[in-house]
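To keep things clear, I will list the structure first and then write my remarks on it.
There are 2 protein chains.
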Amino acid sequence: MRRIKVRVAYDGGEFYGWQVQPSLPTVQGLLEQVVGEIEGKAVEVAGSGRTDAGVHALAQVAAFTLENPIPLTNLRRAINRLLPPTVRILSAEEVHPDFHPRFEAQAKTYEYRMLREEVCSPFEWPYVHHYPYPLEEDRMIRLAAVFTGSHDFSAFAAADESDTAGKSKVRTIFSSVLEREPGRLIYRVRGSGFLKHMVRNLVGTLLEAGKGNLAELETLPPKSGPTAPAKGLFLVEVEYGE
Amino acid sequence: MRRIKVRVAYDGGEFYGWQVQPSLPTVQGLLEQVVGEIEGKAVEVAGSGRTDAGVHALAQVAAFTLENPIPLTNLRRAINRLLPPTVRILSAEEVHPDFHPRFEAQAKTYEYRMLREEVCSPFEWPYVHHYPYPLEEDRMIRLAAVFTGSHDFSAFAAADESDTAGKSKVRTIFSSVLEREPGRLIYRVRGSGFLKHMVRNLVGTLLEAGKGNLAELETLPPKSGPTAPAKGLFLVEVEYGE
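Listed in order, the protein sequences are those of chains W and D.
Residue numbers for the first sequence follow the working numbering, so the first one is 3 and each next one is one higher.
Residue numbers for the second sequence follow the working numbering, so the first one is 3 and each next one is one higher.
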């Protein structure tokens with residue numbers, strides 16, 4: 003038996019999120035189907051965490067256990083041949099037998115893309131939150147930095163996060179930076195882990211500050227403003243120890 | 003009556019090409035519907051030329067005549083509000099009353115994108131021809147330059163170009179360059195005009211040269227190799243005199 007770790011890119015607009023759902027297309031569901039086809043029996047594919055419907059991944063991390071002795075390069079190619087082009091295995095490596103992509107993850111990085119130009123190109127539209135209205139960008143940049151550190155992020159979790167009731171909602175943000183790029187605002191956040199909807203709620207709160215709301219910008223504010231749309235969000239990287 | 007010239011971007015993967023076709027989604031059909039809705043009666047939208055199903059446009063040029071006195075900025079916004087996000091009006095300006103985007107075009111530029119990396123990202127897949135196999139790129143670069151100048155391009159026209167039978171197939175290519183970019187080959191061609199399928203057939207011929215076929219690379223070869231896939235092709239710009 004071999005434990006295989008893979009890095010996976012996907013266009014979230016094509017899926018009902020990462021996690022298996024009966025009779026809906028999900029990335030985990032598709033991978034379990036394709037890897038199971040190669041193995042000749044049901045295979046469980048574990049991810050580093052869920053992504054919501056519409057959220058994209060540049061490099062999600064997943065793992066599964068195989069008996070099939072197929073070399074890693076051939077395995078990657080065989081999986082990609084069976085997947086639609088909206089999901090790609092970027093790399094495959096063998097890891098220790100009890101590797102779990104969620105429990106061993108040490109950091110995750112997300113990126114949220116906001117387009118500030120008046121007209122949104124058809125080629126960018128599925129991958130940005132188009133917000134061409136006035137924003138006090140300096141206030142947003144100041145607030146983004148305030149998210150850094152260890153905080154109880156309960157206020158930024160999805161209301162329906164019932165499966166984690168009683169669990170700690172403290173998370174550590176290693177870096178939280180809003181940057182101006184030509185015609186764009188890019189929010190990059192790297193942390194120990196994230197609650198459901200947390201990044202999109204942080205962005206919704208940044209947008210509230212940009213609209214001139216939230217008088218106090220020196221401490222973590224309450225969640226404020228709607229959850230930002232999924233299509234601007236990318237899971238960029240999941241990091242593991244050596 | 004005002005004659006309006008617009009620059010239009012579209013994702014060709016969403017349409018059966020530019021030209022109106024009964025009961026199929028086309029860019030021209032959609033624009034005529036939306037502009038007609040604003041004008042309150044049928045409006046004819048003329049383009050600088052057709053693009054095939056699947057071919058993208060960064061800036062196609064079109065024109066139509068309006069009685070409606072709506073200011074240009076409002077017109078652009080109103081059209082974009084009624085269009086799906088897969089088509090965008092980038093700019094609108096008033097031009098002389100008999101402006102025709104096809105007859106007055108002085109040059110067109112196309113770009114064809116080939117991805118050479120083994121794995122094609124889900125985000126790039128709709129917009130490149132993925133060709134990860136060996137190619138003698140230096141031969142392709144040499145041949146691309148040979149296309150420059152005035153030639154009879156009959157051999158590179160679509161077999162079914164019956165509507166132009168008897169018309170000259172001589173076209174002038176002002177520049178024709180194949181460039182290496184990291185993991186990519188980009189073909190850029192600027193010319194007085196192009197026959198149906200011509201750019202995709204030029205690219206198919208470049209690929210044949212890259213595979214080691216076509217012994218003679220000093221003169222215009224016969225069309226060779228299949229028509230390259232539409233999804234790698236972008237209409238980049240249409241130029242007009244002052």
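Beta carbons: idealized from backbone N, C-alpha and C, even for Gly.
Quick caveat: nothing in here was measured; it's all calculated off a predicted structure.
Chain D contact residues for residue i, given Cβ-Cβ distances below 7 Å
{"i": "A232(W)", "result": "The premise fails here: A232(W) is roughly 15 Å from chain D at the closest Cβ pair, so nothing lies under 7 Å."}
{"i": "S273(W)", "result": "Look at the range of chain W in this structure, 3 to 244, and you will see that residue 273(W) is not part of it."}
Cβ-Cβ distance between residue i and residue j below 8 Å
{"i": "G195(D)", "j": "K110(D)", "result": "yes"}
{"i": "R83(D)", "j": "V121(W)", "result": "no"}
{"i": "G49(D)", "j": "Q35(D)", "result": "no"}
{"i": "L187(W)", "j": "E239(W)", "result": "no"}
{"i": "R5(W)", "j": "G51(W)", "result": "no"}
{"i": "A55(D)", "j": "G19(D)", "result": "yes"}
{"i": "R190(D)", "j": "V205(D)", "result": "no"}
{"i": "A160(D)", "j": "K198(D)", "result": "yes"}
{"i": "Y112(D)", "j": "L216(D)", "result": "no"}
{"i": "S156(W)", "j": "T174(W)", "result": "no"}
{"i": "T88(D)", "j": "D13(D)", "result": "yes"}
{"i": "M3(W)", "j": "P73(W)", "result": "no"}
Length of the line joining the Cα atoms of residue i and residue j
{"i": "E220(W)", "j": "L235(W)", "result": "25 Å"}
{"i": "Y135(W)", "j": "E119(W)", "result": "9 Å"}
{"i": "E96(W)", "j": "V8(W)", "result": "9 Å"}
{"i": "R202(D)", "j": "S177(D)", "result": "16 Å"}
{"i": "E46(D)", "j": "E106(D)", "result": "17 Å"}
{"i": "K225(D)", "j": "V172(D)", "result": "15 Å"}
{"i": "L222(W)", "j": "A11(D)", "result": "42 Å"}
{"i": "D162(D)", "j": "Q21(D)", "result": "16 Å"}
{"i": "M142(W)", "j": "V148(W)", "result": "10 Å"}
{"i": "L145(D)", "j": "T28(D)", "result": "34 Å"}
{"i": "G185(W)", "j": "P71(D)", "result": "31 Å"}
{"i": "P24(W)", "j": "L33(W)", "result": "14 Å"}
{"i": "A211(W)", "j": "F158(W)", "result": "15 Å"}
{"i": "G168(W)", "j": "L209(W)", "result": "30 Å"}
{"i": "R192(D)", "j": "A80(D)", "result": "32 Å"}
{"i": "H132(D)", "j": "S123(D)", "result": "10 Å"}
{"i": "S170(D)", "j": "M200(D)", "result": "14 Å"}
{"i": "E41(W)", "j": "E69(W)", "result": "7 Å"}
{"i": "E181(D)", "j": "Y114(D)", "result": "10 Å"}
{"i": "E126(D)", "j": "L85(D)", "result": "24 Å"}
{"i": "L92(W)", "j": "P128(D)", "result": "18 Å"}
{"i": "I102(W)", "j": "Q108(W)", "result": "One detail in the question is off: residue 102(W) reads as His in this sequence, not Ile. One C-alpha to the other measures close to 12 Å."}
{"i": "E218(W)", "j": "L60(W)", "result": "35 Å"}
{"i": "T53(D)", "j": "T150(D)", "result": "22 Å"}
{"i": "V130(W)", "j": "V130(D)", "result": "21 Å"}
{"i": "L26(D)", "j": "L26(W)", "result": "28 Å"}
{"i": "T75(D)", "j": "T75(W)", "result": "54 Å"}
Among the options, the one whose alpha carbon lies nearest that of residue i
{"i": "A44(D)", "options": "P124(D), F66(D), T88(D), Q21(D)", "result": "F66(D)"}
{"i": "G15(D)", "options": "R79(D), V240(D), K233(D)", "result": "K233(D)"}
{"i": "Y242(W)", "options": "A230(W), A64(W), H153(W)", "result": "A64(W)"}
{"i": "H58(D)", "options": "H98(D), F17(D), E41(D), P124(D)", "result": "F17(D)"}
{"i": "E183(W)", "options": "M116(W), Q108(W), Y133(W), F125(W)", "result": "M116(W)"}
{"i": "A94(W)", "options": "T207(W), L77(W), V130(W), W127(W)", "result": "L77(W)"}
{"i": "G227(W)", "options": "G214(W), L26(W), H98(W), T207(W)", "result": "T207(W)"}
{"i": "L137(W)", "options": "M3(W), K213(W), L60(W)", "result": "K213(W)"}
Which residues DSSP lists as bridging residue i, in chain order
{"i": "M116(D)", "result": "H131(D), L187(D)"}
{"i": "S93(D)", "result": "R9(D)"}
{"i": "E246(W)", "result": "The structure shown does not extend to residue 246(W), since chain W is modelled only from 3 through 244, so no value can be given for it."}
{"i": "Q62(W)", "result": "V10(W)"}
{"i": "S152(W)", "result": "T174(W)"}
{"i": "L26(W)", "result": "Q23(W)"}
{"i": "V179(D)", "result": "R190(D)"}
{"i": "R4(D)", "result": "L68(D)"}
{"i": "G49(D)", "result": "A64(D)"}
Chain A within 8 Å of residue i, Cβ atoms only
{"i": "P184(W)", "result": "Checking the listed chains, one finds no chain A in this structure; the protein chains it contains are W and D."}
Interface partners of residue i on chain W, CB under 7 Å
{"i": "W127(D)", "result": "P87"}
Under 9 Å from the C-beta of residue i: neighbouring residues of chain D
{"i": "N203(W)", "result": "The contacting residues do not exist; N203(W) stays about 25 Å from chain D at best."}
Residue i: contacting residues in chain D (beta-carbon distance under 8 Å)
{"i": "N82(W)", "result": "V121"}
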